[in-house]
Amino acid sequence: MFQSENRFRVFENKVWLSSPTMHGDELAYVKEAYDTNWMSTVGKNLNELERLVCEKTGCGYAVALASGTAALHLAIKLAGVKRGDLVFCSDMTFDATVNPVVYEGGVPIFIDTEYDTWNMDPVALEKAFALYPEVRVIDIAHLYGTPAKMDEIKEICDRHGAVIVEDAAESFGASYKGRQTGTFGQYNCISFNGNKIITGSAGGMFLTDDLEAANKVRKWSTQARENAPWYQHEELGYNYRMSNVIAGVARGQMPYLEEHIAGKKAIYERYREGFQDLPVTMNPFDASDSEPNFWLSCMLIDADAMCKQVRGECEVLYQPEHGKSCPTEILDVIAKYNAEGRPIWKPMHMQPIYRMNGFITREGDGRAKTNAYISGGSFGKDGRPLDVGMDIFHRGLCLPSDNKMTKEEQDIVIEMVKACFD
184 MFQSENRFRV FENKVWLSSP TMHGDELAYV KEAYDTNWMS TVGKNLNELE
234 RLVCEKTGCG YAVALASGTA ALHLAIKLAG VKRGDLVFCS DMTFDATVNP
284 VVYEGGVPIF IDTEYDTWNM DPVALEKAFA LYPEVRVIDI AHLYGTPAKM
334 DEIKEICDRH GAVIVEDAAE SFGASYKGRQ TGTFGQYNCI SFNGNKIITG
384 SAGGMFLTDD LEAANKVRKW STQARENAPW YQHEELGYNY RMSNVIAGVA
434 RGQMPYLEEH IAGKKAIYER YREGFQDLPV TMNPFDASDS EPNFWLSCML
484 IDADAMCKQV RGECEVLYQP EHGKSCPTEI LDVIAKYNAE GRPIWKPMHM
534 QPIYRMNGFI TREGDGRAKT NAYISGGSFG KDGRPLDVGM DIFHRGLCLP
584 SDNKMTKEEQ DIVIEMVKAC FD
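Numbering-wise (this note's numbering), the sequence shown opens with residue 184 and increments by one.
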């Protein structure tokens with residue numbers, strides 16, 4: 184329970200969750216686009232950015248698009264999703280992972296999370312195929328820069344003849360067993376949004392080893408114009424191509440990817456060290472097979488160290504208690520001193536727009552349990568919550584993870600969190 188009103192000084196400059204870290208090279212490439220008058224959706228910056236991403240990830244082909252969501256939309260379209268088709272989707276993620284399924288008329292079926300990586304649970308995925316054997320597409324995200332258990336997930340999908348669409352928007356630069364995320368699916372996507380580890384201010388990238396698919400995405404993203412002397416259109420197209428200006432920003436960022444990852448990792452390790460005496464754990468990963476990009480540092484409060492917290496649709500209440508805390512209290516405290524944190528992604532099956540969709544836990548269909556978090560959760564025979572994503576959302580939060588945050592500022596944030604458990 185946080186008690187002292189004057190224990191900390193308000194940060195003069197806001198400490199952000201994750202804002203762009205710029206270096207100067209970006210401006211030179213933007214100026215190049217301006218000076219050469221290549222300001223639209225063709226130019227050297229686009230070509231170079233696509234080449235650099237292929238070189239980094241090891242994928243065969245890359246197509247720069249206006250957003251990561253645009254890349255996901257065209258990936259879902261390529262995967263053949265049609266109106267009424269069921270698609271297995273990550274549950275604990277941002278809704279941009281899922282919405283493109285609906286753009287094409289598909290019906291998301293949400294697969295619960297597992298505790299080891301906070302990503303799609305392979306056990307629940309296997310259960311899902313038993314319930315819906317007709318599914319032929321899965322849409323999987325890597326949360327907060329930590330790779331999912333792709334060997335297990337890929338084996339299950341291969342056995343059931345399912346196409347993987349991989350959302351690596353948060354995990355660019357992360358690797359699983361030596362292989363970069365964004366290369367495990369038939370169709371893959373990354374993001375250059377303003378808060379990502381590499382930014383173009385906006386933008387995204389479609390990745391694949393299939394030349395025909397890459398060419399199809401290039402065509403669709405420029406209004407599906409046919410190779411004719413006039414504007415000939417024979418299929419539906421989109422205005423999804425990245426501009427050469429935005430590509431210049433992302434191109435200038437690319438040489439600093441490893442530096443950004445190293446900075447994020449240092450932030451994660453300082454939090455882990457600073458919290459070792461608290462009843463909390465950091466967002467997990469298996470160092471024997473994964474190297475995250477540490478995009479966001481997150482923490483999970485032990486269940487027995489949680490004070491009472493109840494969340495409605497848009498409001499939350501908590502009851503302070505000595506020696507205990509909750510995500511809401513911690514976020515309120517750091518916000519009071521001009522630092523930014525966030526709740527964990529609210530699982531998709533708990534969102535009003537998707538509440539009636541199927542939701543599969545490792546115990547089976549979990550829809551009946553979606554409101555159990557109000558009373559502390561629902562548990563299986565082994566004592567584990569039946570709805571893991573709901574539990575992580577209830578007890579977890581994202582900490583300030585900005586690479587421009589100084590060590591001294593982070594130390595103060597750590598002390599603020601500790602004070603919440605006094």
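Ideal Cβ positions, reconstructed from N, Cα and C, are used throughout, including at glycine.
Just so it is clear, the structure is predicted and the values come from calculations on it, not from any experiment.
Within the same chain, and ignoring the five residues on either side of Tyr439 in sequence, the residues whose Cβ sits closer than 6 Å to its Cβ are His206. The alpha carbon of Phe185 has as its nearest neighbour, out of Thr544, His532, Ile517, Met482, the alpha carbon of Ile517. Proximity to Gly263 across Lys399, Asp218, Lys337 peaks at Lys399, based on C-alpha coordinates.
Rounded to whole angstroms, the gap between the alpha carbons of Leu314 and His577 is 28 Å. Residue nearest to Thr366 within the set Met531, Val596, Gly241 is Gly241 (criterion: CA-CA distance).
If the five residues before and after Glu417 are omitted, its C-beta is found closer than 8 Å to the C-beta atoms of Ala407, Glu409, all from its own chain and listed in chain order. Nearest Cα to Cys481 within the set Asp460, Ser358, Lys447, Glu474: Lys447. In the structure shown, His416 adopts extended strand secondary structure according to DSSP, grouped into three states. Beta-bridge annotation (DSSP): Tyr423 is not paired with any residue. For Tyr212 and Leu200, the gap between their C-alpha atoms comes out near 27 Å. Of the candidates Asn302, Met222, Ile536, Asn521, the residue whose Cα lies closest to the Cα of Phe194 is Asn521. Under the 8 Å Cβ criterion, the segment 330-340 does not count as touching the segment 208-224, having fewer than three qualifying pairs.
By the Cβ rule, the segment 244-257 counts as touching the segment 382-389, because three or more pairs are nearer than 8 Å. Within the same chain, Ser480, Ser584 come within 6 Å of Ile450 by CB-CB distance, once the 5 residues on both sides are set aside. The residue among Ile323, Val320, Asp299, Ile294 with its C-alpha nearest the C-alpha of Lys310 is Ile294. The beta carbon of Cys272 sits closer than 6 Å to the beta carbons of Val281, Pro291, Phe293, Asp322 from its chain, once the five residues preceding and following it are set aside; these are given in chain order. Taking 8 Å as the upper bound for CB-CB distance, Leu248 and Tyr423 are in contact here, some 5 Å apart. The criterion of a C-beta distance shorter than 8 Å is not satisfied by Ile373 and Ile444. For Asp350, DSSP records a beta bridge to Ala324, Cys372.
When Cβ pairs closer than 8 Å are counted between the two stretches, the segment 342-358 is seen to touch the segment 319-334, the count reaching three or more. For the pair Lys332 and Pro305, the CB atoms are nearer than the 8 Å cut-off. With respect to the 8 Å criterion, Ile597 and Gly457 are classified as neighbours on the basis of their beta carbons. By the CB criterion at 8 Å, Val493 and Leu483 fall outside the cutoff.
Rounded to whole angstroms, the gap between the alpha carbons of Glu512 and Ile595 is 16 Å. The three-state reading of DSSP puts Tyr212 in helix, counting H, G and I together.
Met573: member of the alpha helix (DSSP H) spanning 571-578, first to last residue. Burial state of Asn540 is buried, judged by a 10 Å Cβ sphere holding 16 or more other Cβ atoms. Per DSSP, Met599 is one residue of the alpha helix (DSSP H) stretching across 590-603.
DSSP places Gly446 in the helix class (H, G or I) of the three-state scheme.
Pairing Gly431 with Asn228 gives a Cβ-Cβ distance under 8 Å. Of the residues assessed, Asp469 falls on the exposed side of the cut-off, its CB having fewer than 16 other CB atoms within 10 angstroms.
Asp274 is the residue among Asp274, Leu394, Asp218 whose C-alpha sits nearest the C-alpha of Asp350. Nearest in C-alpha terms to Thr300, of all of Ile575, Lys601, Leu582, is Ile575.
In this structure, the beta-carbon distance from Cys497 to Ser508 does not fall below 8 Å.
Minimum Cα-Cα distance from Ser404 among the listed residues Val246, Arg342, Val463, Pro475 corresponds to Val246.
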